[in-house]
Amino acid sequence: MTIPPGDPAVTETGRLLTVMDVGGTTLRVGTFDVRGGGRLSDVDRMRVDGMDRHPGTPLPVLQRQVVDQIVREAERRTGALPGSAPAALAVAFAGPVARDGTVLGAPTVWGGGGDPLPLQEILSARLSVPVLVVNDLTAAAWRYGTESAVPFCLLTVSSGIGNKVFRDGEVLLDAGGYGGELGHWTCDRSPDAPLCDCGARGHLGAIASGRGVLAAVRRAAAADPAGYARSAPARAGAADPRLLGNPEIAEAVRDGDPFTTAVLRSTLVHLAAAVGAVFASIGIRRYVLMGGFALAVGERYRELLVEELVRQGCFGLTADRVDAMVVLGEDDDDHGLIGVGRLMGRRLAAHREKVTL
Ligand SMILES: [Zn+2]
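Written as structure tokens, this is what we have:
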């Protein structure tokens with residue numbers, strides 16, 4: 325967190341923060357009251373001024389546009405609430421972020437490559453309020469974490485896969501931003517393994533993400549056209565598997581369709597292996613499932629992952645204990661906003677204590 329010298333925000337009690345969640349396509353902006361457990365209000369969603377909206381624009385221009393958009397929206401919040409202006413800004417950002425708030429990369433926001441951007445420092449200088457910038461999944465972990473919380477691993481399964489381990493009041497990460505990238509663990513070493521967003525082959529995110537499952541269903545349909553023709557999505561109108569999307573697959577699995585369920589199981593073999601390795605190495609016994617695809621399939625997704633974990637075995641755990649350790653997260657779009665608001669509230673409180681002592 326960067327706090328300008330002598331900033332009055334750190335000596336106030338009960339305050340509003342502007343919170344933002346910068347994703348590849350959407351910028352979410354809200355106001356967060358840190359009192360009590362924290363309360364989120366006035367959420368706006370808009371397209372990010374990045375690569376998705378302005379394809380083909382050079383990376384430094386996109387970086388500038390995104391920074392300008394964040395500043396503009398933060399200033400708009402401050403101006404909109406006379407007398408109770410948000411006194412600080414907390415940003416959850418889609419990309420690896422170093423401990424000092426430097427964005428190390430943002431492939432979905434402004435494309436791959438480019439120099440690291442000291443976003444926290446830049447925003448703090450331009451806005452003259454305390455600013456915190458953290459990775460979006462790190463922020464999401466703070467939605468579920470407290471200093472006394474049972475250690476847990478957040479697992480997000482959407483167009484990609486990500487994870488964060490939370491223990492003893494902190495998200496376990498290397499200071500340089502490494503960690504939380506189970507989605508880029510190589511689990512299929514065959515030469516024709518599915519291609520990941522990052523350009524490598526056989527990564528977990530290319531296989532078990534929503535996009536990976538969709539590709540797997542299409543491959544299975546090509547290999548067994550008759551089987552696919554009897555499947556629920558084919559009978560519901562997607563006779564050509566190219567017409568399929570993740571919503572149709574999620575619905576089919578929820579309804580117990582054997583074809584799509586079998587394909588999903590085949591991808592969960594790899595996700596369960598990753599979870600099993602996290603458990604075996606550091607003993608985490610709580611896994612919170614998030615992400616559009618996992619939550620769209622819902623309880624059935626959780627059950628199928630548990631079945632696979634039990635089949636592979638978690639050393640020292642009974643099936644009942646494996647079942648109890650996998651839970652579904654909240655099914656909304658506010659993880660980054662709430663999490664980063666809570667984290668910033670804690671950091672400001674800790675700072676206040678230090679100033680007062
Ligand atoms: Zn990858």
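Using my numbering, you'd call the opening residue of the sequence shown number 325 and step up by one each time. We put the CB at the ideal spot given by N, CA and C, even for glycine.
Neighbour-count burial assignment, residue i, 16 or more Cβ in a 10 Å radius
i: G607; result: exposed
i: L567; result: exposed
i: K678; result: exposed
i: T591; result: buried
i: V651; result: exposed
i: M325; result: buried
i: P515; result: exposed
i: P454; result: buried
i: R535; result: buried
i: P565; result: buried
i: T335; result: With a pLDDT of 39 at T335, under the threshold of 50, the modelled position of that residue is not reliable, and no figure is offered here.
i: M344; result: buried
i: Y502; result: exposed
i: F603; result: buried
i: F639; result: exposed
i: A563; result: exposed
i: G419; result: buried
i: T432; result: buried
i: G469; result: buried
i: S365; result: exposed
i: A519; result: Inspection of the sequence shows that residue 519 is occupied by Leu rather than by Ala. Counting Cβ neighbours within 10 Å, L519 comes out exposed, since fewer than 16 surround it.
i: T701; result: Nothing about residue 701 can be reported from this structure: the residues present for the chain run from 325 to 681 only.
i: G663; result: buried
Spatial distance of residue i from residue j (CA atoms)
i: G500; j: E445; result: 16 angstroms
i: S605; j: Y625; result: 24 angstroms
i: G583; j: A558; result: Per the sequence shown, the amino acid found at residue 583 is Phe instead of Gly. For F583 and A558, the distance between alpha carbons rounds to 10 angstroms.
i: G615; j: V458; result: 18 angstroms
i: D512; j: G526; result: 4 angstroms
i: F476; j: A550; result: 43 angstroms
i: G338; j: V358; result: Here G338 scores only 46 on pLDDT, less than 50, and its place in the model should not be relied on; the value that follows carries that caveat. The alpha-carbon atoms of G338 and V358 are separated by roughly 6 angstroms.
i: V577; j: V621; result: 7 angstroms
i: G580; j: R554; result: 13 angstroms
i: A398; j: A430; result: 21 angstroms
i: V385; j: L479; result: 33 angstroms
i: D492; j: A473; result: 7 angstroms
i: V481; j: D460; result: 14 angstroms
i: N487; j: A545; result: 30 angstroms
i: L588; j: G569; result: 14 angstroms
i: R363; j: W466; result: 14 angstroms
i: T342; j: G523; result: 35 angstroms
i: G361; j: D376; result: 35 angstroms
i: G600; j: V415; result: 32 angstroms
i: G425; j: P379; result: 26 angstroms
i: D521; j: A530; result: 7 angstroms
i: P571; j: F617; result: 8 angstroms
i: A596; j: M668; result: 33 angstroms
i: M649; j: V489; result: 14 angstroms
i: V391; j: I485; result: 26 angstroms
i: W509; j: D644; result: 28 angstroms
i: G665; j: F356; result: 6 angstroms
i: V346; j: R450; result: 18 angstroms
i: L613; j: A532; result: 13 angstroms
i: G653; j: A556; result: 27 angstroms
i: L383; j: D498; result: 26 angstroms
i: A674; j: E632; result: 42 angstroms
i: L538; j: I573; result: 7 angstroms
i: L528; j: T381; result: 30 angstroms
i: L456; j: L413; result: 6 angstroms
i: Q636; j: G561; result: 36 angstroms
Run of the beta strand (DSSP E) containing residue i, from where it starts to where it stops
i: G380; result: Premise fails: G380 is in no beta strand (DSSP E) and is neither H nor E.
i: A416; result: 412–417
i: L341; result: 340–346
i: M370; result: 363–371
i: R291; result: As shown, the chain starts at 325 and ends at 681. That puts residue 291 outside it, with no answer to give.
i: L652; result: 650–652
Min CB distance residue i to chain C below 9 angstroms
i: V481; result: Any reference to chain C falls outside this structure, which holds one protein chain only.
Residue range of the unbroken alpha helix (DSSP H) whose run includes residue i
i: G534; result: 534–547
i: V577; result: 570–578
i: R559; result: 556–559
Taking 7 angstroms as the limit, name every residue whose beta carbon sits nearer than that to some heavy atom of ligand 1, in sequence order.
G507, H508, C520, D521, C522, A524, H527, G529, A530
Contiguous beta strand (DSSP E) assignments of at least 3 residues, all confined to the region 598–642
611–614
Which runs of the alpha helix (DSSP H) fall wholly inside the region 409–475 and span at least 4 residues, in chain order?
443–451, 460–468
Complete runs of the beta strand (DSSP E) confined to the region 486–530 [at least 3 residues]:
none
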